[in-house]
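To start, the structure under review is shown below, and the notes come after it.
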Amino acid sequence: MNIKDIGPGLQNWLDDRFGLSAIMDFMKKKPVPQTRHSIWFYTGSSILLFFAIQVITGFMLILYYNPTLDEANASVGRIMTEVPLGWIIRSVHSWSATFMIAIVFIHMISIWLIKSYRKPREITWLTGVLLLGISLFFGFTGYLLPWDDLSLSATKVGTDIPRSIPVVGAWVTSLLRGGEDVTGDTLTRFFGIHVCILPIFILILLAIHIYLIQKQGMSLPLKEEVAKKEVRNIPFWPNFIYREMIVWLILVGILFTFAIFLPPSLEKQADLMAAAPEGLKPEWYFLFLFQTLKIFPAKILFFHGDTVAVLLILLGFLYIFLLPFIDNKPTEFKGKIITWSGYAFIIYAIIFSVWSLL
Amino acid sequence: MMAKNSRMVVCLSLAIFLLAVLAPASLDARQEESAQESQTVEKKAAEGIQAAEQDIAEKSQPAEPDAATAGQMEEEAVETIVPAPKNQKEAIGIYVFLIWIWLSIFVLIYVLRLKVKESDRIYQLKFFDK
Amino acid sequence: MKLKYSLFSRRQFLNGLLGGWVAALMGSLVYPVIAFIFPPYREPDEVILPFADFKGMAPGEVRTFAWGSKPGLLKKNEDGTLWAFVGVCTHLDCNVTYLQDQKKFFCACHEGWYDEYGKNIGGPPSTPLRRLSLVIEGQDLIIKKEAPE
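Below, the structure is given as structure tokens:
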């Protein structure tokens, strides 16, 4: 038996039992259209790459993290000072979160603008928007875990916002906080959500999302579909995978460089009785929402300003969520307005984010 | 003939693999002793000043690894903990690791680009179709 | 020396280079993971205790002190000398206790017995209790890792 027979031998042994060669055949035949917009196809697998990095670094961090009020900050401090290379692992986890959420936004907006959510891909879009929500919730819950002054105050503000929703507001806030205020119970709750509840949901939604993409194939941009031109395809395996690997390598390089040269530091343990620190702001992906809430006056006519603001934000979220159903005539003028709303969202998000930093 | 080639390939890749794994390990083994010393409460003046300067507001400043040769062991629970390598050896190890990563990235991208061209050419020639 | 035929084709070389280098890259990432997940805490090299805590010991008395996260046992022998042991059974790591009336160390987990000098005399333990070296410097009692003589 030759060394080089081991590989195929093992493959055949597994294939006789799992029947995975069907998957390989599928991947070899799956066509990936090469159009002007095909560059956006790389965003999907990049998200998976960063999610995988989050899971691995998360597994490592959880070995040392202590999710109790007294020990949370100290345990993160130990990770950063006593555990070998702990500060790098934490830094990678923190930066990979940023990169993942950034690419999720890019992914969503690219699909919004080229309208890939058209029939039959509506559910793919719905699961995708939910995945965005879960990713943001991951970031929000993870931010509290080091339990320092900044993260405590950011969580206080963040969990206070739902209170402005009429009828259910106070209930949502107390559900998030595990009580009236942000306390050790909030930390316990956020930890459980971050490491157990959300991972299960994200895996389920990812499975649906990815299955639908494989089943329905890659979409064509509206123009190509309308013109019914012949589009050049390349097979997923190995042609597209090789290209994806190049993108992954570059992203990993950038991630490691950022993680090593710009690692997050750790402030001292949060003091529940202290005043809010100055310069309080949430993570960058919430900045534009933060600023939106800030610009509303305290009262508009009979309503509280923040109630109006929160309802507007919820309305915006609902609009994005139901986009495939709102955009039922993509080739007509309505379709063009919806495309412009996508650009408007980008401009709004960037301007408001920058504004909140000034 | 073919058997010899595959054996050479396997041996070569094993050698590179072992080198990549053992080299940082030996580097770190030498650090372990000095790491133990810096584990005991040792505050250097430079560190203290650095800590005072970086109190509170600054969230993202790392001490650049060579500046952090002063070690960063923030034993005081009250101060901000600024992440940095424990000692010069670890700092050098991290730099070497980063250079290795980027070198690998360039080499692998070069090879992958060749593979992309090859697979595209094969596909165009319809090599695998009947 | 020129070969008549190539050892491998250009395609094989590139495939080998790609696979091998990716394997090396993954290998170099394995090392930081391993370094991280194996706990860095070790036994202390030495422990410094205030001698005052152990001055009034009667012969045959045993007091505990912290040896890292393990119990250390400080015993005053009949002849007045002080010995220090790591109070952990050499069988399967349970904590031992000193039975003063019997002048023996006893491990309750599997009924292991050691005599008053830590030598294993009954039950499963196959080696004596680990001894630590002891030095008195002024006000301090310094206990170090290596056993004497």
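Residue numbers (the numbering used here), protein chains in the order written: chain Z, 239 to 596; chain W, 29 to 158; chain L, 10 to 158. Beta carbons are placed, not taken as given, at the ideal position from N, Cα and C, and that holds for glycine. No experiment lies behind these values; they were computed from the predicted model shown.
> Is Y381 (chain Z) helix, strand or coil when you go by DSSP?
Replying inline: helix
>> Could you tell me the alpha carbon to alpha carbon distance between L136 (chain W) and G580 (chain Z), rounded to whole angstroms?
In response: 37 Å
> Is there at least one Cβ from chain W nearer than 8 Å to L12 (chain L)'s Cβ?
Replying inline: no
>> Would G96 (chain L) and K79 (chain L) qualify as a contact pair, given that the criterion is a beta-carbon distance under 8 Å?
In response: yes
>> Considering only heavy atoms of the ligand HEM, does any lie closer than 7 Å to the CB of P134 (chain L)?
In response: For the structure depicted, the ligand HEM is absent and the ligand set is empty, with no information on it obtainable.
>> Between the alpha carbons of A232 (chain Z) and D253 (chain Z), how many angstroms are there, rounded?
In response: In the structure displayed, chain Z extends from 239 to 596; residue 232 (chain Z) sits before or after that span and is not available.
>> Quick check: what's the CA-CA separation for S283 (chain Z) versus K519 (chain Z)?
In response: 30 Å
> Would V110 (chain W) be called buried (16 or more neighbouring beta carbons within 10 Å of its own) or exposed?
Replying inline: buried
> If you compare alpha carbons, which of L:K84, L:D149, L:T90, L:L38 is closest to G127 (chain L)?
Replying inline: L:K84
>> DSSP three-state label for E146 (chain L), please.
In response: strand
>> So for F534 (chain Z), helix, strand or coil by DSSP?
In response: coil
> Name the chain W residues whose beta carbon is nearer than 7 Å to that of W325 (chain Z)?
Replying inline: P111
> In chain W, what lies closer than 9 Å to K467 (chain Z) by C-beta?
Replying inline: Those within 9 Å of K467 (chain Z) in chain W number zero; the least Cβ separation is about 19 Å.
> Listing by chain order, which chain L residues have their CB less than 9 Å from the CB of S147 (chain W)?
Replying inline: The CB of S147 (chain W) never comes closer than 9 Å to any CB in chain L; the least such distance is about 11 Å.
> Taking all protein chains shown into account, do 16 or more other C-beta atoms lie within 10 angstroms of the C-beta of W350 (chain Z), making it buried, or fewer, making it exposed?
Replying inline: buried
> Checking contacts by CB at 8 Å: is F246 (chain L) closer than that to chain Z?
Replying inline: Absent from the model: residue 246 (chain L). The displayed extent of chain L is 10 to 158, so no value can be given.
> When you compare each of Z:T379, Z:T421, Z:A508, Z:K353 to K574 (chain Z) by their alpha carbons, which one comes out closest?
Replying inline: Comparing Cα-Cα distances from K574 (chain Z) to each of Z:T379, Z:T421, Z:A508, Z:K353, the minimum goes to Z:K353.
>> Is I17 (chain W) close to chain L? Criterion is C-beta to C-beta, closer than 8 Å.
In response: Outside the shown range of chain W (29 to 158) lies residue 17 (chain W), about which nothing can therefore be said.
> Shorter than 8 Å from the beta carbon of K143 (chain W) to some beta carbon of chain Z?
Replying inline: yes
>> Can you pull out the residues from the stretch 22-45 of chain L whose beta carbon lies closer than 8 Å to at least one beta carbon of chain Z?
In response: P41, V42, A44, F45
> Who are the Cβ neighbours of L489 (chain Z) in its own chain at under 8 Å, not counting the five residues just before and after it?
Replying inline: S284, L287, F288, F337
> Below 8 Å between beta carbons: does that hold for I234 (chain Z) and L140 (chain W)?
Replying inline: In the structure as shown, chain Z starts at 239 and stops at 596, and residue 234 (chain Z) therefore has no counterpart that could be examined.
>> Within 10 Å of its beta-carbon, does E505 (chain Z) have 16 or more other beta-carbons around it, so buried, or fewer, so exposed?
In response: buried
> If we ignore side chains and look at the alpha-carbon of each, how far apart do T426 (chain Z) and T306 (chain Z) end up?
Replying inline: Roughly 7 Å separates the two Cα atoms.
> Closest by CA to D419 (chain Z), which one among Z:F439, Z:L390, Z:F264, Z:I435?
Replying inline: Z:L390
> Sorted by chain position, which residues of the same chain lie with C-beta nearer than 7 Å to T411 (chain Z)'s C-beta, five sequence neighbours on each side aside?
Replying inline: Within the same chain, Cβ atoms closer than 7 Å to the Cβ of T411 (chain Z) are found at T397, D398, P400, R401, the five residues on either side in sequence being excluded.
> Where do the N-terminal and C-terminal ends of the alpha helix (DSSP H) with F590 (chain Z) fall, by residue?
Replying inline: 571-595
>> For E505 (chain Z), would you say it is in contact with chain W, using Cβ-to-Cβ distances shorter than 8 Å as the test?
In response: yes
> Which first and last residues belong to the beta strand (DSSP E) in which I564 (chain Z) is found?
Replying inline: Not the beta strand (DSSP E): I564 (chain Z) falls in the alpha helix (DSSP H), residues 561-564.
> How many Å lie between H542 (chain Z) and L549 (chain Z) at the Cα?
Replying inline: 11 Å
>> I'd like the list of long-range same chain contacts for I576 (chain Z), defined as Cβ closer than 6 Å, with 5 residues on each side in sequence excluded.
In response: These residues qualify, in order along the chain: D565.
>> I'd like the list of long-range same chain contacts for C103 (chain L), defined as Cβ closer than 6 Å, with 5 residues on each side in sequence excluded.
In response: C116, C118
>> So for P473 (chain Z), helix, strand or coil by DSSP?
In response: In the structure shown, P473 (chain Z) sits in a strand (DSSP, three-state: E or B).
> Three or more C-beta pairs closer than 8 Å, one from the stretch 433-440 of chain Z and one from the stretch 360-376 of chain Z: is that the case here?
Replying inline: yes
> Can a CB atom of chain C be found closer than 8 Å to the CB of W128 (chain W)?
Replying inline: Checking the listed chains, one finds no chain C in this structure; the protein chains it contains are Z, W and L.
> Applying the criterion that 16 or more other CB atoms from any shown protein chain within 10 Å of the CB defines a buried residue, is L248 (chain Z) buried or exposed?
Replying inline: exposed
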